[in-house]
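Asker: Here the sequence shown stands for residues 290 to 568, where the numbers follow the numbering used here. Yeah, the Cβ is synthetic: ideal placement off N, Cα and C, and Gly gets one too. Computed from a predicted model, the values in this text were never measured in an experiment. Can you read through this structure? Questions will come right after.
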Amino acid sequence: MSFALRSRFIAVLSFVLVSSIAGGSVPVKADEESNPPFETEVIVRTVNQFKNTVDVQNFIQLSTSYGVDVISMNVKQDEDDEVPSGSVFYQSDIAPIAQGYQNFDALQAVITAAHAAGIKVHAWIPQFHDQQAFLAHDEWQMQALVNGVQTPFTGSNGNEYFVNPIHHEVQQYERSIIQEVIENYAVDGVVLDWIRFDNYNMDVSDYTVAKYQAQFGYSPLSIDFETDSPQREQWNEWRTDQIGQYVGDIRQDITQSSKPDVQLGVYILPPEFIEVGQN
290 MSFALRSRFI
300 AVLSFVLVSS
310 IAGGSVPVKA
320 DEESNPPFET
330 EVIVRTVNQF
340 KNTVDVQNFI
350 QLSTSYGVDV
360 ISMNVKQDED
370 DEVPSGSVFY
380 QSDIAPIAQG
390 YQNFDALQAV
400 ITAAHAAGIK
410 VHAWIPQFHD
420 QQAFLAHDEW
430 QMQALVNGVQ
440 TPFTGSNGNE
450 YFVNPIHHEV
460 QQYERSIIQE
470 VIENYAVDGV
480 VLDWIRFDNY
490 NMDVSDYTVA
500 KYQAQFGYSP
510 LSIDFETDSP
520 QREQWNEWRT
530 DQIGQYVGDI
540 RQDITQSSKP
550 DVQLGVYILP
560 PEFIEVGQN
């Protein structure tokens with residue numbers, strides 16, 4: 290079963306109130322003395338909400354009236370719908386700028402208006418769901434084992450595009466986008482997304498197979514990914530460790546940047562989705 294389509298509350302035409310990145314329940318009216326303070330955060334898909342400065346001004350005005358503390362806006366497209374995943378909504382020298390945003394820096398517009406209203410801005414930056422990088426670099430494509438054949442993974446519907454989370458060049462590319470945002474924009478936080486695999490049977494590109502075999506002495510292509518076994522468990526733990534190390538590298542990048550106090554968060558699937566390597 291594919292989990293390329295995630296379940297998440299997204300603010301598109303209406304606000305969705307969530308707690309701070311650290312987690313928690315949806316805020317309710319209660320006695321301030323018996324409850325710790327919280328931040329009201331809205332998660333926004335830029336392509337649906339911020340097409341021009343008027344959109345931004347209207348959104349900030351509405352956010353202020355609802356007492357919003359944090360706006361988490363995606364600065365890199367997450368899905369393959371209105372624009373290809375991997376397209377960005379700011380003036381980048383690294384990633385392709387989304388169609389319609391070449392002359393409109395949505396990230397800067399939101400930061401300017403939000404900060405003037407006392408609202409923080411978090412840059413929501415999806416990672417490995419990236420059509421732009423997938424099509425530009427064949428060697429970066431996530432490979433799944435399908436009927437015994439290494440096959441570029443494009444989701445259950447054939448139009449999802451993933452790059453290999455384990456490939457060092459992919460990691461360098463995605464990290465460079467985060468670094469570019471932090472160094473050039475006054476964001477208060479960064480939130481990672483799509484930082485996972487989609488099932489047990491990936492990535493099985495030659496790059497990953499060689500790396501795994503060098504460490505464990507056998508090829509992951511020999512694993513029956515449909516059946517629970519010590520080999521599949523070892524494979525999944527290794528993939529999960531690779532993701533964890535990657536997040537640690539990003540944390541170090543932020544610490545060593547000119548803005549070491551920028552917060553880091555991650556959007557993840559529920560823990561029962563162990564096959565995505567995200568535990």
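Ile349 lies in the beta strand (DSSP E); which residues open and close that run?
Answerer: Run containing Ile349: none in the beta strand (DSSP E); it sits in the alpha helix (DSSP H), Thr342 to Ser354.
Asker: Got a sec, what are the start and stop residues for the beta strand (DSSP E) Trp413 sits in?
Answerer: Lys409 to Pro415 is the span of the beta strand (DSSP E), which, as asked, contains Trp413.
Asker: Looking at the secondary structure, which residues open and close the beta strand (DSSP E) in which Thr440 lies?
Answerer: Per DSSP, Thr440 belongs to the beta strand (DSSP E) from Val438 to Pro441.
Asker: For Ser508, which of helix, strand or coil comes out of DSSP?
Answerer: Ser508: coil per DSSP, three-state reduction.
Asker: Quick one: complete alpha helix (DSSP H) runs, 4+ long, within the stretch 385-410?
Answerer: Segments of the alpha helix (DSSP H) lying fully in the stretch 385-410: 395-405.
Asker: Would you check whether the ligand FAD has a heavy atom nearer than 8 angstroms to the C-beta of Asp542?
Answerer: Of ligands this structure carries none, so the ligand FAD is not represented either.
Asker: Could you check where the alpha helix (DSSP H) with Ile543 kicks off and where it finishes?
Answerer: Unbroken alpha helix (DSSP H) run through Ile543: Pro519 to Thr544.
Asker: Need the endpoints of the alpha helix (DSSP H) that Glu469 sits in, please.
Answerer: Here the alpha helix (DSSP H) through Glu469 covers His457 to Asn473.
Asker: Can you tell me the Cα-Cα spacing of Gln520 and Phe514, whole angstroms?
Answerer: Computed Cα separation, rounded: 9 angstroms.
Asker: If you count every other CB in all the chains shown that lies within 10 Å of the CB of Glu330, and 16 or more means buried, which is it?
Answerer: Answer is buried; the Cβ neighbour count reaches 16.
Asker: Where Ser381 and Gln432 are concerned, what is the direct C-alpha to C-alpha distance, given to the nearest angstrom?
Answerer: Straight-line Cα distance between these residues: approximately 28 angstroms.
Asker: Are the Cβ atoms of Gln504 and Trp527 separated by less than 9 angstroms?
Answerer: Against a cut-off of 9 angstroms, the Cβ pair of Trp527 and Gln504 comes out as a contact.
Asker: Check Ile628 in the structure and name its three-state DSSP category.
Answerer: Residue 628 falls outside the range modelled here, since the chain spans only 290 to 568, and no answer is possible.
Asker: Assuming Phe486 contacts Val565 (C-beta within less than 8 angstroms), just tell me the rounded distance between them.
Answerer: Going by Cβ atoms, the distance from Phe486 to Val565 rounds to 5 angstroms, so yes, they are a contact pair.
Asker: To the nearest angstrom, report how far apart Glu522 and Leu396 are at their CA atoms.
Answerer: Their Cα atoms are separated by approximately 41 angstroms.
Asker: Going by DSSP, what residues sit across from Ile360 in a beta bridge?
Answerer: Beta-bridge pairing links Ile360 to Val331 and Val410.
Asker: Return the CA-CA distance between Asn473 and Ala398, expressed in angstroms with no decimal places.
Answerer: Taking the straight line from one Cα to the other gives about 13 angstroms.
Asker: Quick check: Val372 and Ala412, are their CB atoms within less than 9 angstroms of each other?
Answerer: Not closer than 9 angstroms, so no.
Asker: By alpha-carbon positions, which one of Ile383, Gln461, Ile360 and Phe339 ends up nearest to Gly478?
Answerer: Considering only alpha carbons, the answer is Ile360.
Asker: For the alpha helix (DSSP H) containing Leu424, name the first residue and the last one.
Answerer: Counting along the chain, the alpha helix (DSSP H) containing Leu424 begins and ends at Gln420 to Ala425.
Asker: From Lys548 to Ile414, what does the alpha carbon distance come to, in whole angstroms?
Answerer: Going from the Cα of Lys548 to the Cα of Ile414 covers about 17 angstroms.
Asker: Would you say Gln416 and Glu458 are within 9 angstroms of each other, going by their C-beta atoms?
Answerer: In this structure, Glu458 does not lie closer than 9 angstroms to Gln416 by Cβ.
Asker: Between which residues of its own chain and Pro559 is the CB-CB distance below 7 angstroms, once the five residues before and five after are set aside?
Answerer: Same-chain partners within the cutoff: there are none.
Asker: Roughly how many angstroms separate the alpha carbons of Ala422 and Pro454, rounded to a whole number?
Answerer: Using only the alpha carbons, I get a separation of about 12 angstroms.
Asker: I'd like to check one pair, Trp524 with Tyr496: are the Cβ atoms closer than 9 angstroms?
Answerer: Taking 9 angstroms as the Cβ cut-off, Tyr496 and Trp524 do not qualify as a contacting pair.
Asker: Within a Cβ cutoff of 6 angstroms, which residues of the same chain sit near Thr353, ignoring the five residues on either side of it in sequence?
Answerer: The residues are Ala406.
Asker: Distance, Cα to Cα, Asp482 vs Ala402?
Answerer: The straight-line gap from Cα to Cα measures roughly 25 angstroms.
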